[in-house]
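Letter by letter, the sequence shown follows residues 0 to 356 in numbering that gives the first Met the number 0. Every residue gets a Cβ at the ideal spot worked out from N, C-alpha and C, and that includes glycine. Down below is the structure, laid out as structure tokens.
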Amino acid sequence: MDRDLLSLIEAWDGNGVVTRFDRPTGTWIFIALHDDTLGPPAGGTRMKVYPALADGLRDAMRLAEGMTFKWAGLGLKFGGGKAVLAIKQPLEGEQRRGLLLRYGALIESLRGAFCTGADLGTSAGDMSTIAEACHHVLGIDYGSRTSTDPGPYTAHGVLRGLQAALAQSFGSEALDGREVLVQGLGGVGLPLARSLARGGARVLLSDLDDRRVEVLKQELGCESVAPADVYSTPCDVYAPCAVGATLNPRTIPTLACKAVAGSANNQLLEAEDAERLHQRGILYVPDYIINSGGALSFSLMAEGIRDEESLMREVDRVGTAVAEILREAAEADISPFVAARRRTQRILAEHRAPVDA
Ligand code: NAD
0 MDRDLLSLIE
10 AWDGNGVVTR
20 FDRPTGTWIF
30 IALHDDTLGP
40 PAGGTRMKVY
50 PALADGLRDA
60 MRLAEGMTFK
70 WAGLGLKFGG
80 GKAVLAIKQP
90 LEGEQRRGLL
100 LRYGALIESL
110 RGAFCTGADL
120 GTSAGDMSTI
130 AEACHHVLGI
140 DYGSRTSTDP
150 GPYTAHGVLR
160 GLQAALAQSF
170 GSEALDGREV
180 LVQGLGGVGL
190 PLARSLARGG
200 ARVLLSDLDD
210 RRVEVLKQEL
220 GCESVAPADV
230 YSTPCDVYAP
240 CAVGATLNPR
250 TIPTLACKAV
260 AGSANNQLLE
270 AEDAERLHQR
280 GILYVPDYII
290 NSGGALSFSL
300 MAEGIRDEES
310 LMREVDRVGT
320 AVAEILREAA
330 EADISPFVAA
340 RRRTQRILAE
350 HRAPVDA
């Protein structure tokens, strides 16, 4: 085996990795199972061409660990897992379908030890294909064979988390008159911007896609900000809902907001950026907590809850979790990032039964 792969496996503290080579497409499949303290490992399936095989395995391991903290942050009954389909070149048509069906059969053979959903490079349609071969796809209604878009649930969780940040920063969670800059107007940013505007906030819109900005500007009567000006534009809350690593040593000194609360994954370039924000007095709501509304709703769907109103009500829990983390951070004068880590470690420790009890 590739030495880099062996080194990664030697160094990892996760439960294990299920590995398989899909000969017809030349794809390496890695299912990283990080932790099952709270329940079976669950996480998205990423499909991507990686420069080196070890990059794919590293991605699966890193993201699986992130999922352990994400599920635990809300005390949900799943563990951390993530799958990577490291393809040699983009796959379409029958080749893609064949890979997904064989991958689905592999998941089925694990008999519930891993559940999955869409991620970078895979779509809701891909999840429906995988679900033809296994019973462990989250967000699929196996009765009607329809898949659900997690975006609106994620957006609702971000809204509630953002309101918790307002309460901490301004003493009130009211949106009325608050200025929120939404970066990225896609599956999450679009419904978030609509909810914020409906709640009376002054929304500033930004996206690389000018057409998206224009359409929403017309609909909501908002102003827009050029992508290059996002980090220096004064606002109460910056809501990153596009790409990761927007909080870094270059952007943090220029930020002119009181709080950062958005859906994007991996917003910090490096862990030290949380401390940099804390030192600047900018409240940073940890991304993996505030963007967990979609994952939360999918876990509830797996328990049979499907009506929209009940799901949205449950997603309000994201706001409660964020409020608790921000309170703990303020009391201990630590960054919310550190407070969130402590909280999830506490929840995991409470559930870890001693082996010889
Ligand atoms: P999306 O692809 O539907 O939308 C992303 C939008 O961001 C697009 O309109 C794109 O044009 C825009 N964009 C890309 N780069 C940009 C940049 N540099 N500046 C401004 N705009 C830019 O994605 P999404 O589903 O809305 O997800 C947004 C973020 O939230 C991603 O980081 C995603 O990983 C994360 N997230 C999404 C969900 C979910 O339920 N969809 C859940 C958890 C986390």
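Among residues of its own chain, excluding the 5 on either side of residue i, which ones have a beta-carbon nearer than 6 Å to its beta-carbon?
i, result
"Thr147", "Gly138"
"Ala338", "Ile324, Glu327, Ala328"
"Leu99", "Asp125, Thr128, Ile129"
Answer yes or no: the CB of residue i versus the heavy atoms of ligand 1, is any distance below 7 Å?
i, result
"Thr153", "yes"
"Val187", "yes"
"Pro248", "no"
"Ser146", "no"
"Gly111", "no"
"Pro285", "no"
"Pro149", "yes"
"Arg211", "yes"
"Ala263", "yes"
"Val242", "yes"
"Phe205", "According to the sequence displayed, residue 205 carries Ser and not Phe. Flag set: Cβ of Ser205 near ligand 1."
"Leu184", "yes"
"Asn290", "yes"
"Gly293", "yes"
"Asp125", "no"
"Pro50", "no"
With a cut-off of 8 Å on the beta carbons, I'd call residue i and residue j a contact; round off their distance for me.
i, j, result
"Gln167", "Ala320", "At roughly 13 Å, the Cβ-Cβ gap does not stay under 8 Å, so Gln167 and Ala320 are not in contact."
"Thr121", "Gly292", "About 20 Å separates the two Cβ atoms, so there is no contact after all."
"Val157", "Ile289", "6 Å"
"Ala258", "Asp286", "At roughly 13 Å, the Cβ-Cβ gap does not stay under 8 Å, so Ala258 and Asp286 are not in contact."
"Arg193", "Asp315", "Actually they do not touch by this definition, with Cβ atoms about 18 Å apart."
"Ala196", "Ala260", "No, Ala196 and Ala260 are not in contact; Cβ-Cβ is about 16 Å, not under 8 Å."
"Leu246", "Gln278", "The Cβ separation is near 13 Å, so there is no contact."
"Ala85", "Asp3", "Incorrect: roughly 13 Å between the Cβ atoms, too far for contact."
"Gly13", "Leu32", "6 Å"
Taking 7 Å as the limit between beta carbons, can you name the residues of its chain near residue i, skipping five residues before and five after?
i, result
"Arg101", "Asp21"
"Gly199", "Leu174, Asp175, Gly176"
Quick one: using the 10 Å Cβ neighbour count with 16 as the cut-off for buried, is residue i buried or exposed?
i, result
"Leu141", "In the sequence as displayed, the identity of residue 141 is Tyr instead of Leu. Exposed, because fewer than 16 other Cβ atoms sit within 10 Å of the Cβ of Tyr141."
"Gly0", "At residue 0 the sequence reads Met, which differs from the Gly that was named. By the neighbour-count rule (16 or more Cβ atoms within 10 Å), Met0 is not buried but exposed."
"Thr115", "buried"
"Pro335", "buried"
"Leu5", "exposed"
"Glu64", "buried"
"Thr145", "exposed"
"Leu412", "Past the boundaries of the shown model lies residue 412; the chain is included only from 0 to 356, so the question cannot be answered."
"Lys76", "exposed"
"Leu282", "buried"
"Leu119", "exposed"
For residue i, which residues of its own chain have a beta-carbon under 8 Å away from its beta-carbon, when the five flanking residues on both sides are left out?
i, result
"Ala270", "Phe336"
"Arg96", "Thr128"
*Can at least three beta-carbon pairs, one atom from the segment 194-207 and one from the segment 216-223, be found at a separation below 8 Å?*
yes
*Tell me, please, whether the segment 38-46 touches the segment 71-83 by the rule of three or more beta-carbon pairs shorter than 8 Å.*
yes
_Inter-stretch contact (C-beta, 8 Å, three-pair minimum) for the segment 181-188 and the segment 231-244_ = yes
*Should the segment 221-233 be called in touch with the segment 250-257, which here means at least 3 C-beta pairs below 8 Å?*
yes
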